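Quick notes on the structure that follows.
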Amino acid sequence: QKEVEQNSGPLSVPEGAIASLNCTYSDRGSQSFFWYRQYSGKSPELIMFIYSNGDKEDGRFTAQLNKASQYVSLLIRDSQPSDSATYLCAVLRGFSGGYNKLIFGAGTRLAVHP
Amino acid sequence: SAVISQKPSRDICQRGTSLTIQCQVDSQVTMMFWYRQQPGQSLTLIATANQGSEATYESGFVIDKFPISRPNLTFSTLTVSNMSPEDSSIYLCSLRQTSTDTQYFGPGTRLTVL
Numbered sequence: 001q002k003e004v005e006q007n008s009g010p011l012s013v014p015e016g017a018i019a020s021l022n023c024t025y026s027d028r029g030s031q032s033f034f035w036y037r038q039y040s041g042k043s044p045e046l047i048m049f050i051y052s053n054g055d056k057e058d059g060r061f062t063a064q065l066n067k068a069s070q071y072v073s074l075l076i077r078d079s080q081p082s083d084s085a086t087y088l089c090a091v092l093r094g095f096s097g098g099y100n101k102l103i104f105g106a107g108t109r110l111a112v113h114p
Numbered sequence: 115s116a117v118i119s120q121k122p123s124r125d126i127c128q129r130g131t132s133l134t135i136q137c138q139v140d141s142q143v144t145m146m147f148w149y150r151q152q153p154g155q156s157l158t159l160i161a162t163a164n165q166g167s168e169a170t171y172e173s174g175f176v177i178d179k180f181p182i183s184r185p186n187l188t189f190s191t192l193t194v195s196n197m198s199p200e201d202s203s204i205y206l207c208s209l210r211q212t213s214t215d216t217q218y219f220g221p222g223t224r225l226t227v228l
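From first to last, the protein sequence lines are chains W and E. The first sequence begins at 1 in the numbering used here and counts up one residue at a time. The second sequence begins at 115 in the numbering used here and counts up one residue at a time.
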């Protein structure tokens, strides 16, 4: 089982719709969760982070965290063609000795069509 | 967030040669990392670049192949040694802001080995 799992997609949504991206993680002790957006040929860009159960909203983006279910999601409202990119879920996992490592999922490719 | 720059942005190299990638940050950071992103794949952590001491390598990565320097809190280099076509990848420098655990990436170095 991978530590961080995402559906690779592509997830295709019409312009103006809500895009829902999902991620599950295996280490129950993980505390910090991140969503990155990566356009083709570019480096990952941090768009959301969440530490507590529930929802966190920032503009058109909402991150949702459910630690009991080990589930993180990202909602993008009013999707635009410019949102078309690969979205990477990442989990900060603690290891012995106080060492933390950011572990990435494989990414979900989102395509927003006009 | 801090501004991260990398040099070179891309290079084409012959097998058996070595390439040194530079990462410069515009402010002092404690935690710097080097990642690799192979074509169509997600990000894999190569090592943590420790200031003033030897880097901490992840499983599957060794110092002889990927020597890392971190002479101060704003600069690091990664060398890809004795390159083969399998080393063709994007190499990314990253820093973590310890106050928020948020992690940011440089623009990347696209390496092609012939």
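No residue lacks a Cβ here, since even glycine has one placed at the ideal position from N, Cα and C. Note that this is a predicted model, so its numbers are computed, not measured.
- Apart from sequence neighbours up to five positions away, the residues of its chain that approach W/L21 with a beta-carbon distance below 6 Å are L74, Y87 and T108, ordered along the chain.
- Measuring C-alpha to C-alpha distances from W/Y71 to each of W/G105, W/G98, W/F95 and W/S96 identifies W/G105 as the nearest.
- Following the DSSP letters along the chain, one finds W/F34 inside the beta strand (DSSP E) bounded by residues S32 to Q38.
- Only L88 from the stretch 67-88 of chain W bring a Cβ to less than 7 Å from some Cβ of chain E.
- Membership of W/A19 in the beta strand (DSSP E) is indicated by the continuous run A19 to Y25.
- In the three-state reduction of the DSSP assignment, W/D58 falls in the strand class, which pools E and B.
- DSSP places W/S73 inside the beta strand (DSSP E), whose first and last residues are Y71 to I76.
- Among the residues facing chain W, E/D215 is included, as its CB has a counterpart in that chain under 8 Å away.
- At least one beta carbon of chain E lies nearer than 8 Å to the beta carbon of W/S43.
- In the three-state DSSP reduction, W/P10 falls in the coil class, being neither helix nor strand.
- E/T193 is positioned such that its CB atom lies no closer than 8 Å to that of E/P185.
- Contiguous beta strand (DSSP E) elements confined to the stretch 145-220 of chain E occur at 145-151, 157-163, 182-186, 189-194, 203-211 and 216-219, taking only those with 3 or more residues.
- Among the bridge pairs identified by DSSP, W/D83 is matched with none.
- In the DSSP assignment, W/K2 falls outside any beta strand (DSSP E) and carries neither an H nor an E.
- Apart from sequence neighbours up to five positions away, the residues of its chain that approach W/I47 with a beta-carbon distance below 7 Å are W35, Y36, R37 and F61, ordered along the chain.
- W/F95 and W/S30 have their alpha carbons spaced roughly 10 Å apart.
- Taking 8 Å as the cut-off, the beta carbon of W/I103 is found closer than this to the beta carbon of W/A90.
- Between E/V227 and E/P199, the C-beta spacing is below 8 Å.
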